[in-house]
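Visitor:
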Amino acid sequence: MSNNTCFHCGLDASSSRIVYDEKSFCCNGCKTVYEIFSANNLTCYYDLQEAPGATPKEVEGKYNFLDNAKIVEQLLEFNDDKTQIVTLYIPHIHCSSCIWILENLNKLHPSVSASIVNFGKKTVRITYNSENLSLKELVKLLSRIGYEPFISLDDYSVGKKHTDRSLIYKLGIAGFAFGNIMFLSFPEYFQSNEFWLEQYKYLFRWLMFVFSLPVIFYSAQDYFISAFKGLRSKILNIDVPIALGAAVLFLRSTVEIVFDIGSGFFDSLSGLIFFLLLGKFFQQKTYNFLSFERDYKSYFPIGITKITSNSLEESIQVYDIKKGDRLLIRNEELIPVDCILIKGNARIDYSFVTGESEAISKKSGDKLFAGGKQLEGSIEVDVIKTVEQSYLTQLWSNDVFNKNKEDSFTTLTNKISKKFTVTILCIAFIATAYWLFMDATKALNVFTAVLIIACPCAIALAAPFTLGNLLRIFGKLKFYAKNASVIEQLAAIDTIIFDKTGTITSNTETTIKYEGSQFSHEEEAFLKSTLRNSNHPLSRSLYSLLNEHQIVTLDRYEEHIGKGIQAQRSLDSIKIGSATYVGHDAESATLNTSIHVSTNNKYKGKFTFYNKYRKGLSKLFNKLKKEYDLVILSGDNAGEKENLTKLLPAKTKLFFNQKPEDKLEYIKHHQNSGAKVLMIGDGLNDAGALAQSNIGIAISENVNVFSPACDAILDASKFNKLYHFIKASKSAIKIIKWSFALSFVYNCIGLYFAVTGQLAPVVAAILMPLSSISIVVFTTITTNILGKRLE
Amino acid sequence: MSVIYILLAISIIVAVGFFIAFIIAVKSGQYDDSYTPSVRMLFEDELIKEKTNKTILTKKEQ
Numbered sequence: 001m002s003n004n005t006c007f008h009c010g011l012d013a014s015s016s017r018i019v020y021d022e023k024s025f026c027c028n029g030c031k032t033v034y035e036i037f038s039a040n041n042l043t044c045y046y047d048l049q050e051a052p053g054a055t056p057k058e059v060e061g062k063y064n065f066l067d068n069a070k071i072v073e074q075l076l077e078f079n080d081d082k083t084q085i086v087t088l089y090i091p092h093i094h095c096s097s098c099i100w101i102l103e104n105l106n107k108l109h110p111s112v113s114a115s116i117v118n119f120g121k122k123t124v125r126i127t128y129n130s131e132n133l134s135l136k137e138l139v140k141l142l143s144r145i146g147y148e149p150f151i152s153l154d155d156y157s158v159g160k161k162h163t164d165r166s167l168i169y170k171l172g173i174a175g176f177a178f179g180n181i182m183f184l185s186f187p188e189y190f191q192s193n194e195f196w197l198e199q200y201k202y203l204f205r206w207l208m209f210v211f212s213l214p215v216i217f218y219s220a221q222d223y224f225i226s227a228f229k230g231l232r233s234k235i236l237n238i239d240v241p242i243a244l245g246a247a248v249l250f251l252r253s254t255v256e257i258v259f260d261i262g263s264g265f266f267d268s269l270s271g272l273i274f275f276l277l278l279g280k281f282f283q284q285k286t287y288n289f290l291s292f293e294r295d296y297k298s299y300f301p302i303g304i305t306k307i308t309s310n311s312l313e314e315s316i317q318v319y320d321i322k323k324g325d326r327l328l329i330r331n332e333e334l335i336p337v338d339c340i341l342i343k344g345n346a347r348i349d350y351s352f353v354t355g356e357s358e359a360i361s362k363k364s365g366d367k368l369f370a371g372g373k374q375l376e377g378s379i380e381v382d383v384i385k386t387v388e389q390s391y392l393t394q395l396w397s398n399d400v401f402n403k404n405k406e407d408s409f410t411t412l413t414n415k416i417s418k419k420f421t422v423t424i425l426c427i428a429f430i431a432t433a434y435w436l437f438m439d440a441t442k443a444l445n446v447f448t449a450v451l452i453i454a455c456p457c458a459i460a461l462a463a464p465f466t467l468g469n470l471l472r473i474f475g476k477l478k479f480y481a482k483n484a485s486v487i488e489q490l491a492a493i494d495t496i497i498f499d500k501t502g503t504i505t506s507n508t509e510t511t512i513k514y515e516g517s518q519f520s521h522e523e524e525a526f527l528k529s530t531l532r533n534s535n536h537p538l539s540r541s542l543y544s545l546l547n548e549h550q551i552v553t554l555d556r557y558e559e560h561i562g563k564g565i566q567a568q569r570s571l572d573s574i575k576i577g578s579a580t581y582v583g584h585d586a587e588s589a590t591l592n593t594s595i596h597v598s599t600n601n602k603y604k605g606k607f608t609f610y611n612k613y614r615k616g617l618s619k620l621f622n623k624l625k626k627e628y629d630l631v632i633l634s635g636d637n638a639g640e641k642e643n644l645t646k647l648l649p650a651k652t653k654l655f656f657n658q659k660p661e662d663k664l665e666y667i668k669h670h671q672n673s674g675a676k677v678l679m680i681g682d683g684l685n686d687a688g689a690l691a692q693s694n695i696g697i698a699i700s701e702n703v704n705v706f707s708p709a710c711d712a713i714l715d716a717s718k719f720n721k722l723y724h725f726i727k728a729s730k731s732a733i734k735i736i737k738w739s740f741a742l743s744f745v746y747n748c749i750g751l752y753f754a755v756t757g758q759l760a761p762v763v764a765a766i767l768m769p770l771s772s773i774s775i776v777v778f779t780t781i782t783t784n785i786l787g788k789r790l791e
Numbered sequence: 001m002s003v004i005y006i007l008l009a010i011s012i013i014v015a016v017g018f019f020i021a022f023i024i025a026v027k028s029g030q031y032d033d034s035y036t037p038s039v040r041m042l043f044e045d046e047l048i049k050e051k052t053n054k055t056i057l058t059k060k061e062q
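Chain order of the listed sequences is A and B.
FYI, in UniProt numbering the residues of the first sequence are 1 to 791.
FYI, in UniProt numbering the residues of the second sequence are 1 to 62.
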């Protein structure tokens, strides 16, 4: 076989030896999917993209909660007697093959009548006949072909979600009016006195007036509302001069055409609103498939299996769990509430909660916390707290999650607009006063002209376009910021706080170091064979790291919980476990996780487990240390302290054993003394800290699936680029300042015309769009250059 | 002379027609997903009718 990768998913298939239809597969799951596709004439799937699939997971029993009609009802978008429509989130959607197969679902099951994929959001909307196909069967069908939907508590009652398209409407209306008004005002631009045009100019003017009505009353309403709100809370934000300018433009233009003085500035008015909305639209374009506002609901399952008093299984909704209930947690299921383990072998993966990758073994009677994922078989637990009272949920009831960071941050634009508004009003009043003495008839004209021409359209556009474009460039480089103000705030930080596990260390890799006397070949084979029998996570890691050996059969094998394992083969014996267990004097307590080994009651040595740090960590810290205070807040013990101090600059502060609340408090404390904090973390345990900090960045190995609530998500592979992103943000602020300078020049020219009382419609019609467009061009070009340098 | 009224009326009716089309398009969700339709139109309906296994093999071995 020439091809050693799985035909379906592209993983290594050299060791599996599964060949079907002259193609190799890495596992039976992939083969089954291929069989399903080829049996239904759907192999075109593989023509579109090479190895597009995902290995299907075992899902037996996992979707039993979909038997519960109440839960199903909440998930459905539409439901009558026969037809049901559901929208499912499928994280695996990643290429055109995925779109093709999901939109051809009707060929796999005749009851499916239509399925439509939204690639950006990674969702599929399926219409099916509920008489022959239940939602549970549909979900199982999707899982069988490797497209397992992700259903969480967040989806509960989504059917009624409504998408906000008002900005597109407003933009469309403004653009429509802008174009038409421009055409209608052409005769006025040329100031032709032709009889023919003179005769119809009133018609033209009133038409322009009609077109401008929806612009001022619908498209521009956000600016008026925002300006009003700003004034009420005594803040002069950028919307105040914009609203003032737009209102004056409209009123003066109306007055002009009513009294037949001139044709007004309706073209400038609609153009201004159009460009402003365009900037807003650009800024709002964020990533559909990322969720920045996660809370515990996005992690929790909707339904859970309850064991009733007469030991029957019943699917109930998570919110219906009561204290004292007996629950069944299956393999790979998330524990939704704090509980006590009653029956079964628990190996819990708390990585969602703590970021710690190693699974923890628990025995009957131990307390289990919400958010852990069971990894080995099914267990039975007794509930001690309801969902709302569980540890993880409690974290989210902290006040920091309820306040809006954006509101407390004054943007550069708003800072400038305050001075700007005051200056403009001063100029307007002084010029009016001057003209009152010189030529009173012109005074009102000058007053309104100043307010019109000084309307800070260009200033208002500089920030959205610079930051919006940079947002897009960052996104391409796998740094996803929630909105534009994140970049502005990133430029202002002076303290950077890192979480340790999962943030500066890699979640998927650990390194193991051996200290002690050499093993013989037989001993190593013996060691490996012994480890094979153990389910302890450390044994597992060590087992996978030792060289391939012939597995030997053991005569005796014993496992002592909390101590270690012991095995016997012919005359040899081996002990693996804690120092005291293997008969080694407990040395000066090192905090590292290690396994000690002795053979035939003779101490051999120990394996120590180390975290593996991310590539380029040292270099990154050395770059950052010149400008920022660096802190590491770790929830772990101080075992890695020595290692870290060697690796990082001397100035770096290290704190260990920090609980989630401690991290939050630490940041709050520093913010109170004036620090601008950037927090970088990964697990749910950092969620509070991420929310409290000025900017919270979540590091994620898999951007699509899990990351806590944050302001930005950074792909783990780009971690060493962090410094460059911060530097680029700073450059962006410089670009905005230059744009301000540029628009200031335009305003000076415009003000000259306005103050001297010679603002003709044609001057306004040229100057206002020109300033806006040149700002947009300037910021786009400069940010693109900035982006090029980043790559 | 007053032909301009007719011309204006026609041009505005046409413009408003396009505008209404735009509103309908937004309302129907056409602007919600700007990527998938561009891929969808490239799929061919006939391909699946052929004997599928062979076609894939040739493709893979090329």
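We put the CB at the ideal spot given by N, CA and C, even for glycine.
Only a predicted model underlies this, so the values are computations on that prediction, with no experimental measurement involved.
#1: If the criterion is Cβ atoms closer than 7 Å, does the pair isoleucine 273 (chain A) and serine 219 (chain A) meet it?
#2: What is the rounded straight-line gap between the Cα of valine 337 (chain A) and the Cα of asparagine 4 (chain A)?
#3: Ignoring anything shorter than 4 residues or poking outside the stretch 668-711 of chain A, list the alpha helix (DSSP H) runs there in chain order.
#4: So, at 8 Å on beta carbons, what are the nonlocal neighbours of threonine 553 (chain A) in its own chain, with the 5 sequence-adjacent residues on each side left out?
#5: Which of the three DSSP states is assigned to phenylalanine 7 (chain A) in this structure?
#6: From phenylalanine 204 (chain A) to serine 226 (chain A), what distance separates their C-alpha atoms?
#7: In angstroms, rounded to a whole number, what distance separates the CA positions of valine 14 (chain B) and aspartate 267 (chain A)?
#8: Residues in the stretch 163-177 of chain A with C-beta within 7 Å of chain B's C-beta atoms, listed in sequence order?
#9: Going along the chain, which residues of its own chain have a beta-carbon closer than 8 Å to the beta-carbon of aspartate 12 (chain A), five neighbours each way excluded?
#10: Quick check on this structure: which residue in A:Phe209, A:Phe224, A:Ser263 has the alpha carbon closest to the alpha carbon of phenylalanine 190 (chain A)?
#11: What's the gap between the Cα of tyrosine 31 (chain B) and the Cα of glycine 757 (chain A)?
#12: If you draw a straight line from the C-alpha of threonine 593 (chain A) to the C-alpha of glycine 639 (chain A), how long is it?
#13: So, is the C-beta of valine 3 (chain B) closer than 7 Å to a C-beta in chain A?
#14: Strictly under 7 Å for the Cβ-Cβ distance: is glycine 303 (chain A) near chain B by that measure?
#15: Classify cysteine 30 (chain A) as buried or exposed, calling it buried when 16 or more other Cβ atoms lie within 10 Å of its own Cβ.
#16: Just confirm the distance between the C-beta atoms of glycine 324 (chain A) and valine 381 (chain A), as a whole number of angstroms; I'd bet it's less than 8 Å.
#17: Decide if the stretch 125-132 of chain A is in contact with the stretch 93-112 of chain A; the criterion is three or more beta carbon pairs, one per stretch, under 8 Å apart.
#18: Does DSSP put glutamine 221 (chain A) in a helix, in a strand, or in coil?
#19: Taking any Cβ of chain B, which residues in the stretch 100-111 of chain A have a Cβ under 9 Å from it, in chain order?
#20: Output yes or no for whether 7 Å exceeds the beta carbon distance between aspartate 494 (chain A) and lysine 663 (chain A).
#21: Give the interface partners of tyrosine 200 (chain A) over in chain B, defined as CB-CB distance under 8 Å, in chain order.
#22: Would you call the stretch 759-776 of chain A and the stretch 738-746 of chain A touching, i.e. three or more CB-CB distances under 8 Å?
#23: Should asparagine 469 (chain A) be flagged as near chain B, meaning a C-beta pair shorter than 7 Å?
#24: Would you verify that the beta carbon of phenylalanine 119 (chain A) is, or is not, closer than 7 Å to some beta carbon of chain B?
#25: Cα-Cα, which of A:Glu35, A:Thr511, A:Glu388, A:Lys121 is closest to aspartate 33 (chain B)?
#26: Helix, strand or coil: which one does DSSP assign to serine 771 (chain A)?
#27: Give the range of the alpha helix (DSSP H) segment to which isoleucine 85 (chain A) is assigned.
#28: Does any C-beta atom of chain A lie closer than 7 Å to the C-beta of alanine 15 (chain B)?
#29: With a threshold of 7 Å between beta-carbons, can serine 598 (chain A) be considered close to chain B, or not?
#30: Compare the C-alpha of asparagine 694 (chain A) against each of A:Ala712, A:Ile340, A:Asn345 and name the closest.
#31: Measuring only between beta-carbons, confirm whether serine 96 (chain A) sits less than 7 Å from chain B.
#32: What does DSSP give as the partner residue(s) for leucine 786 (chain A) in the beta ladder?
#33: At what residues does the alpha helix (DSSP H) containing leucine 276 (chain A) begin and finish?
#34: For glutamine 692 (chain A), I'd like the list of residues in its chain whose CB is within less than 7 Å of its CB, leaving aside the five on either flank, ordered along the chain.
#35: What does the Cβ neighbour count give for isoleucine 242 (chain A), buried or exposed, with the cut at 16 atoms within 10 Å?
#36: State the Cα-Cα distance for the pair serine 573 (chain A) and alanine 567 (chain A), rounded to the nearest angstrom.
Guide: Checking against the coordinates, here is how it stands:
#1: Position 273 of the first sequence holds residue 273 (chain A). Position 219 of the first sequence holds residue 219 (chain A). Yes, Cβ-Cβ distance for isoleucine 273 (chain A) and serine 219 (chain A) is below 7 Å.
#2: Within the first sequence, the letter at position 337 stands for residue 337 (chain A). Within the first sequence, the letter at position 4 stands for residue 4 (chain A). Taking the straight line joining both Cα atoms gives about 44 Å.
#3: 687-692
#4: Here residue 553 (chain A) refers to the residue found at position 553 of the first sequence. Ser529, Arg569, listed in sequence order.
#5: As a first step, residue 7 (chain A) must be located in the first sequence, where it is residue number 7. Three-state result, phenylalanine 7 (chain A): coil.
#6: As a first step, residue 204 (chain A) is located in the first sequence; it is residue number 204 there, counting from the start. As a first step, residue 226 (chain A) is located in the first sequence; it is residue number 226 there, counting from the start. The straight-line gap from Cα to Cα measures roughly 33 Å.
#7: Locating residue 14 (chain B) in the second sequence gives position 14, counting from the first residue. Locating residue 267 (chain A) in the first sequence gives position 267, counting from the first residue. Distance between the alpha carbons of valine 14 (chain B) and aspartate 267 (chain A) is about 20 Å.
#8: Here the close residues are Thr163, Arg165, Ile168, Tyr169, Gly172, Phe176.
#9: The residue given as residue 12 (chain A) occupies position 12 in the first sequence. Cβ within range, chain order: Asn4, Thr5, Cys6, Cys26.
#10: Counting from 1 along the first sequence, the entry for residue 190 (chain A) is found at position 190. That would be A:Ser263, whose Cα lies nearest to the Cα of phenylalanine 190 (chain A).
#11: Stepping through the second sequence from its first residue, residue 31 (chain B) is reached at position 31. Stepping through the first sequence from its first residue, residue 757 (chain A) is reached at position 757. Cα-Cα distance, rounded: 45 Å.
#12: In the first sequence, the residue the question calls residue 593 (chain A) occupies position 593. In the first sequence, the residue the question calls residue 639 (chain A) occupies position 639. Between threonine 593 (chain A) and glycine 639 (chain A), the C-alpha separation is close to 8 Å.
#13: Counting from 1 along the second sequence, the entry for residue 3 (chain B) is found at position 3. Answer no: the Cβ-Cβ gap between valine 3 (chain B) and chain A never drops below 7 Å.
#14: Counting from one through the first sequence, the residue named residue 303 (chain A) turns up at place 303. It does not; no Cβ of chain B falls within 7 Å.
#15: Walking along the first sequence from the start, residue 30 (chain A) turns up at place 30. Cysteine 30 (chain A) is buried by the Cβ-count criterion.
#16: Indexing the first sequence from 1 puts residue 324 (chain A) at position 324. Indexing the first sequence from 1 puts residue 381 (chain A) at position 381. About 11 Å separates the two Cβ atoms, so there is no contact after all.
#17: yes
#18: Taking the first sequence and counting its residues from 1, the one referred to as residue 221 (chain A) is at position 221. Reduced to three states, the DSSP call for glutamine 221 (chain A) is helix.
#19: Trp100, Glu103, Asn104, Lys107
#20: Within the first sequence, numbered from 1, the residue matching residue 494 (chain A) stands at position 494. Within the first sequence, numbered from 1, the residue matching residue 663 (chain A) stands at position 663. The answer is no: Cβ separation not under 7 Å.
#21: Stepping through the first sequence from its first residue, residue 200 (chain A) is reached at position 200. Within chain B, the residues near tyrosine 200 (chain A) are Ile4.
#22: yes
#23: As a working note, residue 469 (chain A) is residue 469 in the first sequence. It does not; no Cβ of chain B falls within 7 Å.
#24: As a first step, residue 119 (chain A) is located in the first sequence; it is residue number 119 there, counting from the start. It does: the Cβ of phenylalanine 119 (chain A) has a partner Cβ on chain B nearer than 7 Å.
#25: To locate residue 33 (chain B), count along the second sequence from 1; it is residue 33. The candidate whose alpha carbon is nearest that of aspartate 33 (chain B) is A:Lys121.
#26: If you number the first sequence from 1, residue 771 (chain A) lands on position 771. Three-state result, serine 771 (chain A): helix.
#27: Counted from its first residue, the first sequence places residue 85 (chain A) at position 85. Element bounds for isoleucine 85 (chain A): not the alpha helix (DSSP H) but the beta strand (DSSP E), 83-89.
#28: Position 15 of the second sequence, counted from the first residue, corresponds to residue 15 (chain B). Cβ-Cβ to chain A under 7 Å: yes for alanine 15 (chain B).
#29: Position 598 of the first sequence, counting from 1, holds the residue named residue 598 (chain A). With its beta carbon at least 7 Å from every one in chain B, serine 598 (chain A) lies outside the interface.
#30: Position 694 of the first sequence, counting from 1, holds the residue named residue 694 (chain A). The candidate whose alpha carbon is nearest that of asparagine 694 (chain A) is A:Ala712.
#31: Along the first sequence, one-based indexing puts residue 96 (chain A) at 96. Yes, serine 96 (chain A) counts as interfacial toward chain B.
#32: Along the first sequence, read from residue 1 onward, the residue named residue 786 (chain A) stands at position 786. Under DSSP, leucine 786 (chain A) forms no beta bridge with any residue.
#33: Your numbering for residue 276 (chain A) matches position 276 in the first sequence. Taken as a continuous stretch (DSSP letters only), the alpha helix (DSSP H) holding leucine 276 (chain A) covers 266-284.
#34: For the purposes of this step, residue 692 (chain A) is taken as residue 692 along the first sequence, with counting starting at 1. So the list reads Val400, Leu664, Ile667, Lys668, once near-sequence residues are dropped.
#35: Mapped onto the first sequence, residue 242 (chain A) falls at position 242. Buried, because 16 or more other Cβ atoms sit within 10 Å of the Cβ of isoleucine 242 (chain A).
#36: As a first step, residue 573 (chain A) is located in the first sequence; it is residue number 573 there, counting from the start. As a first step, residue 567 (chain A) is located in the first sequence; it is residue number 567 there, counting from the start. If I take the Cα positions, the gap works out to 6 Å.
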